[in-house]
Structure formats: structure tokens, C-alpha cells
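K.L.:
Take the sequence shown: its letter number 17 is residue 17 in this note's numbering, and every next letter is one higher.
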Amino acid sequence: MTRLLLHACCAPCSLEPVRMLEEEGFEPTICWTNPNIQPKDEHDRRLEELRRWTAANGIPLIEAREDYDAWERGVAPIGARDRERRCRACYGLRLAEAVRVACDEGFDHIATTLAVSPYQLFETCNDVLMRLATAQGLTPVIRDFRPWYPEATRRSRELGMYRQNYCGCRFSAAEAALDRIRLRDERKAAKLHA
Ligand code: SF4
1 MTRLLLHACC
11 APCSLEPVRM
21 LEEEGFEPTI
31 CWTNPNIQPK
41 DEHDRRLEEL
51 RRWTAANGIP
61 LIEAREDYDA
71 WERGVAPIGA
81 RDRERRCRAC
91 YGLRLAEAVR
101 VACDEGFDHI
111 ATTLAVSPYQ
121 LFETCNDVLM
131 RLATAQGLTP
141 VIRDFRPWYP
151 EATRRSRELG
161 MYRQNYCGCR
171 FSAAEAALDR
181 IRLRDERKAA
191 KLHA
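(1) State the start and end residues of the unbroken alpha helix (DSSP H) segment that holds Ala176.
(2) Quick one: grab the DSSP three-state call for Leu61.
(3) First and last residue of the alpha helix (DSSP H) that includes Phe122?
(4) Compute the minimum distance between the beta carbon of Phe145 and the heavy atoms of ligand 1, and state whether it is under 8 Å.
(5) Per the contact definition of three or more C-beta pairs closer than 8 Å, is the segment 23-30 in contact with the segment 122-133?
(6) Taking the C-alpha atoms as reference points, what is the distance between Ala133 and Leu192?
(7) Going by the DSSP bridge assignment, what does Leu6 pair with across the sheet?
(8) Pick helix, strand or coil for Pro35, following the three-state DSSP scheme.
(9) For Ala194 and Asp185, I'd like the C-alpha separation in whole angstroms.
(10) Alpha carbon to alpha carbon, how far is Glu84 from Leu6? Give it in angstroms, no decimals.
(11) For the segment 38-51 and the segment 75-95, state whether three or more C-beta atom pairs, one from each stretch, are separated by less than 8 Å.
(12) Suppose contacts are defined by Cβ-Cβ distances below 9 Å. Is Ala70 in contact with Thr33 by that definition?
(13) Between Cys167 and ligand 1, is there a pair consisting of the residue's CB and a ligand heavy atom that are separated by less than 8 Å?
(14) Under 6 Å Cβ to Cβ from Cys125, same chain only, skipping five residues before and after it: list those, please.
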């Protein structure tokens, strides 16, 4: 088995990447570093779910540093104006910390569970991981886990896991709420015209 550090954004998004990476012959250790998640209660709830799931399944978990001030300085000012730039900065902050942990703990391979969610910016995330990992001599394990997102949703529901309905930051909470309103209005309009 090849040791791999897997940056994880939450427990539900870890399910399928862990399963598939293990099938490939990797031995994942999960790394939590997500200072983007707001408010604090939400952050703690996601972390607690990850702790519970990793402990129950014998998966090692490293809780890395989380620089909330750096997120406010480097990501928050971009705000809602430019999602690609905001998320790139956010991925950069989190994955840089995961890369630091991988180097310190002697891992050669690194991946992220962000690659399972169709709501993430897949190409941007992979680009950030690739640049940060290779700069430190690590091998980024880039996989498209997105086709397994429905299975992750099904399994996490079956396991009774806590499932959030937005990415993490306050901007994403507002964007997700607007999306839900838009979809509700579209369904109403479709019914009226049916
Ligand atoms: S939407 Fe998600 S990835 Fe993008 S800045 Fe917010 S928390 Fe970070």
C-alpha cells in the first residue's frame, strides 16, 4: 500500500474518494484544514462528523493548522465579484497547508476530496493542487470522482451523516440560498405553464 495524504472538506465527500483510492492501492490518511467554513458552529459540526467517521473506520486523521485571519485577508476581500478567483485563493490556502503536512509527515502522494463535488471548480482545484504539490516534490493524485457524487450522497444519507447545503464560506451560503430560490421559482413557473 502507498501512503497518501487526502485533504478532506467533510465526511460525506470523503466516502467515495477513500473507497476508490484504497481500491487503487493507496492507504489514505485524512487531513482536515478548512478555515473557510463559516460560521464556527458549522465548521465544528463538519469536523465532528469527520472525526466520528474516521474513528469508526480506523482511518488516521490529522487536524492541521487553520489560519482564519489569512482566509479573511486573502480570500474574503474578493467576495462575490469573482468566484473563480475567490475559490482559487481558498483552495490555495487549504491545499498549501495540506502540502506542508504531507512534507512534514513523509508522504509522497497527496489528493483532495474536493474533486468529488460537482459544485466545486474542478479544473481550478486540480490546477492549484498540481502546482503546490509538484513545487514541493510531491505527486498529486488527480482523479475525477464526480461521477460517484450521487453514490456519496446515497451512502452518506444511509449512514445518517450530517450533510451541509453550501460549500463553506459566507459567500457560498448566500449563493446557495439564491440558487435554491431560483430553482423554486423555476419549478413554480413550470407548474403554472404546464
Ligand atoms: S465557495 Fe467554497 S471554495 Fe469557494 S471560497 Fe467559498 S468556501 Fe472556498
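For each residue, glycine too, the CB sits at the ideal point set by N, CA and C. These numbers were taken from a predicted model, which means no experiment stands behind them.
P.N.:
So, to answer that:
(1) Along the sequence shown, read from residue 1 onward, the residue named residue 176 stands at position 176. First-last of the alpha helix (DSSP H) with Ala176: Arg170 to Leu192.
(2) Indexing the sequence shown from 1 puts residue 61 at position 61. Leu61 falls in the strand class under three-state DSSP.
(3) On the sequence shown, residue 122 is found 122 positions in, with the first residue counted as 1. First-last of the alpha helix (DSSP H) with Phe122: Phe122 to Ala135.
(4) As a first step, residue 145 must be located in the sequence shown, where it is residue number 145. No.
(5) no
(6) For this step, residue 133 is matched to residue 133 along the sequence shown. For this step, residue 192 is matched to residue 192 along the sequence shown. So the two alpha carbons sit approximately 52 Å from each other.
(7) The residue given as residue 6 occupies position 6 in the sequence shown. Paired residue(s): Ile30 and Ala111.
(8) Stepping through the sequence shown from its first residue, residue 35 is reached at position 35. Three-state DSSP puts Pro35 in coil, outside helix and strand.
(9) Locating residue 194 in the sequence shown gives position 194, where the first residue counts as 1. Locating residue 185 in the sequence shown gives position 185, where the first residue counts as 1. Rounded to the nearest angstrom, the two C-alpha atoms are 14 Å apart.
(10) Residue mapping note: residue 6 aligns to position 6 of the sequence shown, counting from 1. Residue mapping note: residue 84 aligns to position 84 of the sequence shown, counting from 1. Their Cα atoms are separated by approximately 23 Å.
(11) no
(12) Here residue 70 refers to the residue found at position 70 of the sequence shown. Here residue 33 refers to the residue found at position 33 of the sequence shown. It is not a contact, given that the beta carbons lie outside the stated cut-off.
(13) If you number the sequence shown from 1, residue 167 lands on position 167. Answer for Cys167: yes, Cβ within range of ligand 1.
(14) Counted from its first residue, the sequence shown places residue 125 at position 125. Answer for Cys125: Tyr91 and Leu114, listed in chain order.
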